[in-house]
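Structure first, commentary second.
Number of protein chains: 2
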Amino acid sequence: MRYARILIIITAALLFASIAASMEEGSGTGDGPSYTIDFLWIALILIIAKLSSLVEKWGQPAVLGELIVGVILGNLTMLGINALAPIGTDPIILFLSELGVIILLFQIGLESNIEEMKKVGVPSMLVAIVGVIVPFVLGTVIIGPWLLPGLSQNAYLFLGATLTATSVGITARVFKDLGKLHTKEARIVLGAAVIDDVFGLVILAVVSAIVTAGSVSALSVGIITLKALVFLIGSIMIGQKIASPIGKWLSEVHTGVGMKFALAASFCFIFAYFAQIIGLAPIVGAFAAGLIMKPVHFTYFIEPEVVTDIKEHIKNHHDQQAVDRVIQKHSHKHVEDLIAPLGLLFVPIFFVLTGFTVNLATLFDVKILLIALGITIAAVIGKVVAGYAVKGVDRKIVGWGMVPRGEVGLIFATIGKGLGVVSDQVYSVIVIVVILTTLMTPPILSFLIKRMKTEAPA
Amino acid sequence: MRYARILIIITAALLFASIAASMEEGSGTGDGPSYTIDFLWIALILIIAKLSSLVEKWGQPAVLGELIVGVILGNLTMLGINALAPIGTDPIILFLSELGVIILLFQIGLESNIEEMKKVGVPSMLVAIVGVIVPFVLGTVIIGPWLLPGLSQNAYLFLGATLTATSVGITARVFKDLGKLHTKEARIVLGAAVIDDVFGLVILAVVSAIVTAGSVSALSVGIITLKALVFLIGSIMIGQKIASPIGKWLSEVHTGVGMKFALAASFCFIFAYFAQIIGLAPIVGAFAAGLIMKPVHFTYFIEPEVVTDIKEHIKNHHDQQAVDRVIQKHSHKHVEDLIAPLGLLFVPIFFVLTGFTVNLATLFDVKILLIALGITIAAVIGKVVAGYAVKGVDRKIVGWGMVPRGEVGLIFATIGKGLGVVSDQVYSVIVIVVILTTLMTPPILSFLIKRMKTEAPA
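Structural data, given as structure tokens:
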């Protein structure tokens, strides 16, 4: 009964959006280029994404629901419904989607802590190294030549390179959805994913150079690696140093919540920008920015509304200590609270769009599907064994946390296709591997995390 | 000393952005079309906009600071600094700017109340009518032919039509900046601006029809008016009816803060979308959406974090009534709190961009400037007398609240230019009128509002 009603709402929302999208836009006082249709898309994605959180009632993380409704929306064309197809290529929606994943990683950085991350530096590094080497070797010399015989050596190189990728967004969301971001497993995976992005950058440069020039110099590999490391370490060190004085200076202009928000958001966006400039994923920059934003940088800012409110209501009890505790707690939380609504708006757009770009038609070619299944198994094994590189944690969770290839794998494959090394067939295979590793991770990871939870008290 | 430091920060931020913007984007793992430069622009706008709130120390509303830094950033090309010029035409930034003003009007709608708005229906209507007729007559038959002799009758018609426009964004921000949204004056101006938008739609259609077809039928005028009224009244009535059951249904899926946010944001975006479809400004739809979002629609949602927090800290005092009061207060405020960070991010983009598009070079032609000054005086008089259409309030505040022409005036002029009626000379004049009415309103309105405040207790 309850679910029937929700199905009716979903159908109504889709019908409504389809009709609305097919209406021609009025002229009237429209100012220049009209982005109005994007407001409809955003509203539709928001509502459908929230309805999909129904999956939580069946013990699944909300992100799985968003991915699935994305897949459904993106494949409605198969049923002849084309009204929503423009969503997938709308530049505004693509931007908001990127904004979404950047804000997600910034939030996750905010909830993390640089000292805690340093503690898992060595295990993260081990997981990243094993999680790069094993899938690369499997793809390049074992599973690749076996399942896709007769290709050039360069094609296997690219396949192997693709399998080294890790898309941290999915895993981070699962940990966040289940409230497990503070576990050691989550921190190891986050650290390993950041390191994996540096490796990925180097691997992509090396493989591309081998394909185009036939070889690669140690010097250029060294330069790429150095640039990435200097950015990551340098930005974190400099950021930590300058965040506090900048916060102090800005608080002299204005002590309101707006300035605090502007400071935090600017750090996030500037770090994301420079990460991209250096060749890393922008989300790595956003995560780093979140890591260095400590509450201490905001002590110069007053939180007028919350504080006044709480003070007013507690002061009659003459318990100054209680008042202070509440204020303390709220001012520490506040940056995260200010960023949270941005996450509510934009993060679902990223995951729905990730699902949206999944082309179910690729699954219909049985031969390609079977090859892809084989390579998916290799892709999973390659990352799951990486979890066994560390001790003292639930290794399966760490390993599965590295499994999703997401958009990072697709970028590798697309570059390979552009270089003429990755054939249409191999590209389709990679797309399926990306789909499967991305969609299978949330339920499996969620199962493993819950099992850990129930085992703990035993 | 303090201001010197801020000037250093502003200069550093600009230098930094200029250098960053002139850097070429790295390739690396960049995914498809790169929007990364937009993150830099957003960060720059945010920081510069917040620094500009320095104007508050001199008693000016923050919006004036945002407009001024926008003017400065947009005219740096005069000093040979071209690195920031792409901001003005960047489609992403233009979208975020539109998103900003939509969120602003949604926030203002949320803070307003439909019953309170109904109470000022008659005065708002009077202000709107006088504020349309007087500037139209002044522009078409008095000031236009006097200062710009020898033009076609149609050119004067368009000039008059342009002067009827009201851009509510500036005024609404001033009232909001000064915490005066709940005054009767603010409500009258908001109501009049919405009605003015309906009039503007009709006037634009009529004037365009006269220019292109030589005449206009009463029927088509009636249809346009009817469509706009049916949308406005219909959407508010239907929205009020369906918001509560939809809220209840959605809360069955999920009672978290995310669903509440999705519900509110979707209403905002869908209303903005349909307003634009009907030919009204999207901000009129967003304002209407805010008006109908009453706390009662959210009573099905739990506010887990805030409530738990406060409960925990007060329960030891055994004052259940105090606990309930705090919870009540917080749950009523929560939708506004959820939307506020979106406003912090996007609203400054709108105002900085509004300033950005001001081309100071137009002010250098002395003859055009003088004509524009004359027409600006007429434009101001035409709206200020509209304030005298009502009694029992500070009429000057109401009148001045209607003065800014903003982007609405520019749209009229641009359409007239497209129809070949508005010459380059007249267009330049209109641009200056828009600039002056937009920039002069915040300080004058702020002065009037503060005077009202100090007079009240006397």
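Line by line, the protein sequences give chains Z and W. Taking our numbering, I'd label the letters of the first sequence as residues 1 to 458. Taking our numbering, I'd label the letters of the second sequence as residues 1001 to 1458. Note that CB positions come from ideal geometry on N, CA and C, so glycine has one too.
Determine the closest residue to residue i out of the options, with distance taken between C-alpha atoms.
{"i": "residue 1409 of chain W", "options": "W:1277, W:1294 and W:1165", "result": "W:1165"}
{"i": "residue 413 of chain Z", "options": "Z:369, Z:428 and Z:403", "result": "Z:428"}
{"i": "residue 1390 of chain W", "options": "W:1081, W:1120, W:1050 and W:1090", "result": "W:1120"}
{"i": "residue 954 of chain W", "options": "W:1290, W:1423 and W:1416", "result": "The question about residue 954 of chain W has no answer, for chain W in this structure spans 1001 to 1458."}
{"i": "residue 47 of chain Z", "options": "W:1068, W:1249, W:1113 and W:1053", "result": "W:1249"}
{"i": "residue 154 of chain Z", "options": "Z:266, Z:215 and Z:252", "result": "Z:215"}
{"i": "residue 115 of chain Z", "options": "Z:103, Z:191, Z:50 and Z:86", "result": "Z:191"}
{"i": "residue 1142 of chain W", "options": "W:1382, W:1059 and W:1082", "result": "W:1382"}
{"i": "residue 1351 of chain W", "options": "W:1038, W:1088 and W:1281", "result": "W:1088"}
{"i": "residue 124 of chain Z", "options": "Z:289, Z:85 and Z:399", "result": "Z:399"}
{"i": "residue 355 of chain Z", "options": "Z:195, Z:373, Z:438 and Z:50", "result": "Z:438"}
{"i": "residue 1258 of chain W", "options": "Z:251, Z:269 and Z:340", "result": "Z:340"}
{"i": "residue 134 of chain Z", "options": "Z:366, Z:407, Z:403 and Z:188", "result": "Z:403"}
{"i": "residue 189 of chain Z", "options": "Z:96, Z:373, Z:405 and Z:171", "result": "Z:171"}
With 8 Å set as the bound, which would you pick, yes or no: does the beta-carbon of residue i sit closer than that to a beta-carbon of chain Z?
{"i": "residue 1123 of chain W", "result": "no"}
{"i": "residue 1038 of chain W", "result": "yes"}
{"i": "residue 1265 of chain W", "result": "yes"}
{"i": "residue 1427 of chain W", "result": "no"}
{"i": "residue 1150 of chain W", "result": "no"}
{"i": "residue 1054 of chain W", "result": "yes"}
Leaving out five residues before and five after residue i in sequence, what residues of the same chain have Cβ atoms less than 6 Å from its Cβ?
{"i": "residue 55 of chain Z", "result": "64 and 65"}
{"i": "residue 32 of chain Z", "result": "In this predicted model, residue 32 of chain Z has a pLDDT of only 44, less than 50, meaning its place in the structure is not dependable enough to derive any value."}
{"i": "residue 1436 of chain W", "result": "1376"}
{"i": "residue 225 of chain Z", "result": "202"}
{"i": "residue 240 of chain Z", "result": "292"}
{"i": "residue 1458 of chain W", "result": "No answer about residue 1458 of chain W holds up, because its pLDDT of 36 lies below 50 and its placement is not dependable."}
{"i": "residue 1287 of chain W", "result": "1105 and 1109"}
{"i": "residue 71 of chain Z", "result": "355 and 358"}
{"i": "residue 276 of chain Z", "result": "282"}
{"i": "residue 136 of chain Z", "result": "160 and 164"}
In the DSSP assignment, find the unbroken alpha helix (DSSP H) run with residue i in it and report its ends.
{"i": "residue 177 of chain Z", "result": "168 to 177"}
{"i": "residue 154 of chain Z", "result": "153 to 164"}
{"i": "residue 1135 of chain W", "result": "1121 to 1137"}
{"i": "residue 1196 of chain W", "result": "1184 to 1213"}
{"i": "residue 283 of chain Z", "result": "282 to 292"}
{"i": "residue 276 of chain Z", "result": "257 to 278"}
{"i": "residue 1240 of chain W", "result": "1218 to 1253"}
{"i": "residue 1378 of chain W", "result": "1366 to 1387"}
{"i": "residue 1073 of chain W", "result": "1062 to 1074"}
{"i": "residue 90 of chain Z", "result": "Taken as a continuous stretch (DSSP letters only), residue 90 of chain Z belongs to no alpha helix (DSSP H), as it is neither H nor E."}
{"i": "residue 406 of chain Z", "result": "406 to 418"}
{"i": "residue 36 of chain Z", "result": "36 to 51"}
{"i": "residue 1398 of chain W", "result": "1395 to 1401"}
{"i": "residue 1475 of chain W", "result": "In the structure displayed, chain W extends from 1001 to 1458; residue 1475 of chain W sits before or after that span and is not available."}
By Cβ distance below 8 Å, which residues in the same chain neighbour residue i in space, the five residues on each side in sequence not counted?
{"i": "residue 1027 of chain W", "result": "Here the model assigns residue 1027 of chain W a pLDDT of 37, short of 50, so the residue's position is not dependable and the matter cannot be decided."}
{"i": "residue 1030 of chain W", "result": "Because the pLDDT of residue 1030 of chain W is 40, which lies under 50, any placement of that residue in the model is unreliable, and the number read from its coordinates should be weighed accordingly. 1036."}
{"i": "residue 1274 of chain W", "result": "1231, 1235 and 1285"}
{"i": "residue 482 of chain Z", "result": "Examination of residue 482 of chain Z is not possible in this model, given that chain Z is present from 1 through 458 alone."}
Identify, in the order they occur along the chain, each residue of the same chain with its Cβ nearer than 7 Å to the Cβ of residue i, setting aside the five sequence neighbours on each side.
{"i": "residue 213 of chain Z", "result": "none"}
{"i": "residue 1444 of chain W", "result": "1400"}
{"i": "residue 43 of chain Z", "result": "none"}
Quick one: is residue i near chain W, going by C-beta distance under 8 Å?
{"i": "residue 28 of chain Z", "result": "For residue 28 of chain Z, the predicted model reports a pLDDT of 37, less than 50, meaning its position is unreliable and no value from the coordinates is stated."}
{"i": "residue 262 of chain Z", "result": "yes"}
{"i": "residue 220 of chain Z", "result": "no"}
{"i": "residue 111 of chain Z", "result": "no"}
{"i": "residue 422 of chain Z", "result": "no"}
{"i": "residue 25 of chain Z", "result": "Residue placement at residue 25 of chain Z is poorly supported in this model, since its pLDDT is 41, which falls under 50; the coordinates are not used for a value here."}
{"i": "residue 431 of chain Z", "result": "no"}
{"i": "residue 69 of chain Z", "result": "no"}
{"i": "residue 209 of chain Z", "result": "no"}
{"i": "residue 419 of chain Z", "result": "no"}
{"i": "residue 293 of chain Z", "result": "no"}
Run down chain C in chain order and give the residues with a C-beta less than 7 Å from the C-beta of residue i.
{"i": "residue 35 of chain Z", "result": "No chain C appears in the structure shown, which is made up of the protein chains Z and W."}
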